[in-house]
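Residue numbers (my numbering): 12 to 755. Here the structure is laid out as structure tokens; the discussion comes afterwards.
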Amino acid sequence: MHNSLFIRDRLRQTNADPMRLERRDPHRLVAPDPAARAAEGEFALAGAWQLSAEGLDAAVGRLLVDDVADFLRRMGVQTGDGGTGQVQFALAADLGERDCRLRCQPGRITVEGGGVAGLWAGVAWLEWEMRCRRGPILPVGEVERRAAWPVQISQGPWGGNYSVPDFSPEYLSDDAFRLYAHYGVNSMMIYGDLLCYVQSDIFPELNTPDYAHNMAMLKDAAERAARYGVRFSYVVVGPKLGRDHPLFQRLPEVRGTGFDRGTGGLHFLCSSHELCLDFYRETFSRLFGQVPQLAGLILIVAEESFYHCHMWRGQVQEMCPRCGQKTNVEVLTNLLGVIDDAVKAGQPDAWVATWVYNTQPFAGGALDEFIRRLPPNVIIDHQIEKNHVLAKDGYRKQIWDYSIDFTGPSDELLHIAATVRDSGHRQFIKSETGIGLETFQFPYVPAMQRLAEKWQHVRDVRPAGVQQSWLFFGMFGSRAEELGLWAAYAPEMPRDAFLRRIASRDFGPRAADLVVASWGSMSRAMGHLPCICLQTYYIGPSFLGPAHPLVPAKGAAVPRVFDAYLFYLQEGEETFSRKQIEEARTSLVMADLPETARSVAMDWDAPSDGWDIVIREYAIASAEAEEAWKKLRLVATLGETDSDRARLRDELLLTELVYRTLVSCENTVRFLQARRDWEERGDQAARAEMDRVARQERQNALDAVHIYAEAPWLDIAERTDGIFNPCAEMIAAKVAWIDEFLAG
Numbered sequence: 012m013h014n015s016l017f018i019r020d021r022l023r024q025t026n027a028d029p030m031r032l033e034r035r036d037p038h039r040l041v042a043p044d045p046a047a048r049a050a051e052g053e054f055a056l057a058g059a060w061q062l063s064a065e066g067l068d069a070a071v072g073r074l075l076v077d078d079v080a081d082f083l084r085r086m087g088v089q090t091g092d093g094g095t096g097q098v099q100f101a102l103a104a105d106l107g108e109r110d111c112r113l114r115c116q117p118g119r120i121t122v123e124g125g126g127v128a129g130l131w132a133g134v135a136w137l138e139w140e141m142r143c144r145r146g147p148i149l150p151v152g153e154v155e156r157r158a159a160w161p162v163q164i165s166q167g168p169w170g171g172n173y174s175v176p177d178f179s180p181e182y183l184s185d186d187a188f189r190l191y192a193h194y195g196v197n198s199m200m201i202y203g204d205l206l207c208y209v210q211s212d213i214f215p216e217l218n219t220p221d222y223a224h225n226m227a228m229l230k231d232a233a234e235r236a237a238r239y240g241v242r243f244s245y246v247v248v249g250p251k252l253g254r255d256h257p258l259f260q261r262l263p264e265v266r267g268t269g270f271d272r273g274t275g276g277l278h279f280l281c282s283s284h285e286l287c288l289d290f291y292r293e294t295f296s297r298l299f300g301q302v303p304q305l306a307g308l309i310l311i312v313a314e315e316s317f318y319h320c321h322m323w324r325g326q327v328q329e330m331c332p333r334c335g336q337k338t339n340v341e342v343l344t345n346l347l348g349v350i351d352d353a354v355k356a357g358q359p360d361a362w363v364a365t366w367v368y369n370t371q372p373f374a375g376g377a378l379d380e381f382i383r384r385l386p387p388n389v390i391i392d393h394q395i396e397k398n399h400v401l402a403k404d405g406y407r408k409q410i411w412d413y414s415i416d417f418t419g420p421s422d423e424l425l426h427i428a429a430t431v432r433d434s435g436h437r438q439f440i441k442s443e444t445g446i447g448l449e450t451f452q453f454p455y456v457p458a459m460q461r462l463a464e465k466w467q468h469v470r471d472v473r474p475a476g477v478q479q480s481w482l483f484f485g486m487f488g489s490r491a492e493e494l495g496l497w498a499a500y501a502p503e504m505p506r507d508a509f510l511r512r513i514a515s516r517d518f519g520p521r522a523a524d525l526v527v528a529s530w531g532s533m534s535r536a537m538g539h540l541p542c543i544c545l546q547t548y549y550i551g552p553s554f555l556g557p558a559h560p561l562v563p564a565k566g567a568a569v570p571r572v573f574d575a576y577l578f579y580l581q582e583g584e585e586t587f588s589r590k591q592i593e594e595a596r597t598s599l600v601m602a603d604l605p606e607t608a609r610s611v612a613m614d615w616d617a618p619s620d621g622w623d624i625v626i627r628e629y630a631i632a633s634a635e636a637e638e639a640w641k642k643l644r645l646v647a648t649l650g651e652t653d654s655d656r657a658r659l660r661d662e663l664l665l666t667e668l669v670y671r672t673l674v675s676c677e678n679t680v681r682f683l684q685a686r687r688d689w690e691e692r693g694d695q696a697a698r699a700e701m702d703r704v705a706r707q708e709r710q711n712a713l714d715a716v717h718i719y720a721e722a723p724w725l726d727i728a729e730r731t732d733g734i735f736n737p738c739a740e741m742i743a744a745k746v747a748w749i750d751e752f753l754a755g
């Protein structure tokens, strides 16, 4: 969704939803284990403790004190003004903005930070140390943690709004910023249409009547976030205007490249015309001048969001007469330089990062030239894994987008990183904390070893910043997101040691080995996903999982319960279009099997259509995921506290849903393959296979119903990136359709 204007009621409801509020609370399952005891070199917090933040900004100090007091009370520690123990918060001039230091002695604890973000990082590690000891217990001595990169960006909070301009507390409440602070995140990604923030003397036709209100709301939210050491990183969506827009009627010369993506002709602003450049100067300098707490801009220049005259060449119908005479590199480096100067005129410490999401428009050495010719302050942002050919068992998988299977770094990323270093620029790395496009319907996949391996690869590139997730689910404080805290602050701690500590913390010491083994099985499962998507984003069993139907005949009418409104498709619409919210229904069903699996970006050398490889890989993946689920079920008798058991219930339901989704992927391909053979050749064995698979998938779907009842946070109907029907309703329709097929 490019802006929040048309789903305000939904966003207001989700931000205040008790389920989301509870899950966004970083202390929601904090409780002491009665069996926890201080070991040698440790001490337990005895008696009452007093917390103070003298010398800090009053609002920041109050939030720090309240947060740690809440944590200690949940740990069974008395707090108050009369306490003999002391917890003090202080700034330290020798630490960087995000760095922290803990000094822990019986009766006195000091949390130091180089800035507000560092103080909150200190709180995160103070609580981590106690939680891993399962009680109010700390190691004696000093621990210093310095951030590996100065900027760590996460997606918007689960249920809270991330899309401009609605950032008042009823849409984006302070608990979101508190959550980021506990996970080492110091920047929240906001996203959407630049025209929400335009009050232009140059192009008054683009002005928004709500400019003052929108700017005041953004400024207030940025100030609230800053108390938690969090700043906004704005992913800008540029204007897409109709050919006869009033601006173009008055000034036809500023009309840039025209295109049509099947929704009617639209135009960008010219990327080279001096009036357009002045418009960007005016708009961005005002934005950062009025909201100086903004961290920076992320400008995606291929192939979405920050539109310019060399974007979407495949749909171009009318090339800009000015930009068409220049190369992509010439147009973009000049445009980015203008914007960087404007941003710094408004706020000298702010940054501009350019993200070449798809490098195809920069083929033939143009990408290297683009990097070298960028203004020196502009940062390069690029994905850890995208655009890579991954050799697998008997086939090659095209990693054309974010992947949980391939952990990186891609050859492309390594080349870009080397070019960035040689040119003297800085680099951000885009990654994903808990999913890939193979699995993006989940909040995260409990494949912790694989996810940690990706973080290790991010760390190896030594970036200046990390964009740790896109806008798929929403941050809510998962163990996968905690890996970002580990990667940024604890390079001395081996992966397996970290994973075992959080397994012991969350499920109990006796359960830790089995939990880590379960994560290992799920990590292996993710290594057998044959393609990024079985069809495309949101469509097919890799998204709907056990709610995905089996279409019994070619051309069969798919029930409308399997339709959805997909907001990302607004990408091809005019700015502020409502069509993808109100008119454009999309079926989420994979109804037919393409001729070969090359349609899903695979390649192989054997003389087959490739679907046998897809079936084999999903079968292996589902078997490994089932093993992960079985291991977790053995943990049920080993949890020692109510918190252990509550966490296990969550993990079991999530793990089971991943398993059943992989089963649905295998069964859907098997069924459609058999249906094709039946329809083309009348093969009776194929018809029998259709019946067999249908019965198996019917049971798989029914067995999944309880998941959505017990864990509504896993139901895709709760997502805010589209409008989806509840999974239970889809499963009911699916089972009825299968019964009708079997009866026929």
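Don't be surprised by glycine CBs; every beta carbon is placed ideally from N, CA and C. Please read all numbers here as calculations on a predicted model, not as lab measurements.
Checklist entry - Which of helix, strand or coil does DSSP assign to Thr219? => result coil
Checklist entry - In whole angstroms, what is the alpha-carbon distance linking Gly519 and Lys642? => result 15 Å
Checklist entry - Which residues bound the beta strand (DSSP E) around Arg266? => result Arg266 to Phe270
Next on the checklist: Just to confirm the assignment, what range does the beta strand (DSSP E) spanning Arg119 have?
Outcome noted: Arg119 to Gly124
Next on the checklist: Taking the beta carbon of Asp616 as the centre, do at least 16 other beta carbons fall within 10 Å, making it buried, or is it exposed?
Outcome noted: exposed
Checklist entry - For Glu341, which option in Ala728, Phe373, Thr597 and Gly357 has the closest C-alpha, if you only look at C-alpha atoms? => result Phe373
Checklist entry - By DSSP, does Pro605 sit in helix, in strand, or in coil? => result coil
Checklist entry - Leaving out the 5 sequence neighbours to the left and right, which residues in its chain are closer than 7 Å to Pro723 when beta-carbon positions are compared? => result Met30 and Glu729
Item to check | Pairwise C-alpha distance: Ala377 and Arg23 | outcome: 45 Å
Item to check | Proximal residues to Val527 (C-beta, below 6 Å), its chain only, five neighbours per side dropped | outcome: Leu510, Arg511 and Ala514
Checklist entry - Which class does Leu74 belong to by DSSP, given the choice of helix, strand or coil? => result helix
Item to check | 8 Å Cβ cutoff met for Gly307 and Val389 | outcome: no
Checklist entry - Arg142 to Val41, Cα distance in whole Å? => result 7 Å
Checklist entry - Hey, Lys670 and Ser633 are a contact pair by Cβ (cut 8 Å); roughly how many whole angstroms apart? => result This sequence places Tyr at residue 670; Lys is not what is there. About 6 Å; that satisfies the 8 Å criterion.
Next on the checklist: By DSSP's criteria, Tyr202 is part of a beta bridge. Which residues make up the other side?
Outcome noted: Ser174 and Val246
Checklist entry - With DSSP run on the structure shown, which of helix, strand or coil describes His224? => result helix
Next on the checklist: According to DSSP, simplified to helix, strand and coil, what is Thr679?
Outcome noted: helix
Checklist entry - Going by Cα to Cα distance, which pick from Ala567, Ala458, Met200 and His13 is closest to Lys441? => result Met200
Checklist entry - According to DSSP, which residues form a beta bridge with Arg145? => result Paired residues: none, contrary to the question.
Checklist entry - Thinking just about the alpha-carbon of each residue, which of Asn172, Arg112, Val151 and Trp366 is nearest to the one in Asp28? => result Asn172
Checklist entry - Below 8 Å between beta carbons: does that hold for Ala499 and Ala158? => result yes
Checklist entry - Residue range of the alpha helix (DSSP H) that Leu385 falls in? => result Unbroken run through Leu385: none, as it is neither H nor E.
Checklist entry - Around the Cβ of Met504, are there at least 16 other Cβ atoms within 10 angstroms (buried) or fewer (exposed)? => result exposed
Next on the checklist: Can you tell me whether Ile626 is helix, strand or coil according to DSSP?
Outcome noted: helix
Checklist entry - Can at least three beta-carbon pairs, one atom from the region 193-208 and one from the region 129-141, be found at a separation below 8 Å? => result yes
Checklist entry - I think Ile213 touches Phe290, with their Cβ atoms under 8 Å apart; what is that distance to the nearest whole Å? => result 5 Å
Checklist entry - Name the DSSP bridge partner or partners of Gly152? => result Cys115
Checklist entry - What distance in whole Å lies between the Cβ atoms of Arg383 and Ser434, which are believed to be in contact at a cut-off of 8 Å? => result 5 Å
Next on the checklist: Contact defined as beta carbons within less than 8 Å: I believe Val569 pairs with Ser598. What is the distance between those atoms, to the nearest angstrom?
Outcome noted: 5 Å
Checklist entry - Could you give the C-beta distance for Gln166 and Asn197, rounded to a whole number, given that I count them as a contact under 8 Å? => result At roughly 14 Å, the Cβ-Cβ gap does not stay under 8 Å, so Gln166 and Asn197 are not in contact.
Next on the checklist: In the DSSP output, what is Ile742 paired with across the bridge?
Outcome noted: Per DSSP, none; premise fails for Ile742.
Next on the checklist: Do Asp360 and Pro386 count as a contact pair if the criterion is CB distance below 8 Å?
Outcome noted: no
Item to check | Spatial neighbours of Gly72 in its chain, beta-carbon cut-off 7 Å, leaving aside the 5 residues before and after | outcome: Ala64 and Phe100
Checklist entry - Which runs of the alpha helix (DSSP H) spanning at least 4 residues fall entirely within the region 669-732, listed in chain order? => result 695-721
Checklist entry - According to DSSP, what are the bridge partners of Ile164? => result Ser198 and Gln478
Checklist entry - When we look at the beta-carbon of Gln371 and count the other beta-carbons within 10 Å, is it buried (16 or more) or exposed? => result exposed
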